[in-house]
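Here is the structure we will look at.
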Amino acid sequence: MDDRHGMVMIVEENELVCVNELQNDLPYLAWVEFEDKGRDALHTPVKCKLNYYHYAASKFRAKALEQMQRGLDQLLST
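Numbering (our numbering), first residue to last: 446 to 523.
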């Protein structure tokens, strides 16, 4: 993430976790419990649970999603 202050996104099969690598991978946000069973389209939203682990986590949520979108766009364009 640009101007990330140590923030990185860890992408796993069933979760996305935003952690601060400068603070021993302290978690800030986690997207978990994706309700993706029975989907019939890739472009539709998927319900999930968003866990906040830090008092300032909401400050990073939008930025994390923007950076993830840029990363996915980059991967898909190559």
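The C-beta atom is built at its ideal place from N, Cα and C for all residues, glycine as well.
This structure is a prediction, so every number in the text was calculated from the model and none was measured.
Short of 7 Å in beta carbon distance, which residues of its chain neighbour residue i, apart from the five on each side in sequence? Order them along the chain.
i, result
"F479", "N459, V491, C493"
"M513", "M454"
"R506", "L474"
Does DSSP put residue i in a helix, a strand or coil?
i, result
"A486", "coil"
"K399", "No information on residue 399 is available, as it lies outside the stretch 446 to 523 that the chain covers here."
"A501", "coil"
Which same chain residues end up closer than 8 Å to residue i when comparing Cβ atoms and leaving out the 5 residues on each side of it in sequence?
i, result
"A475", "E460, L461, V462, C463, L495, N496, Y498"
"H450", "N465, L467"
"G483", "none"
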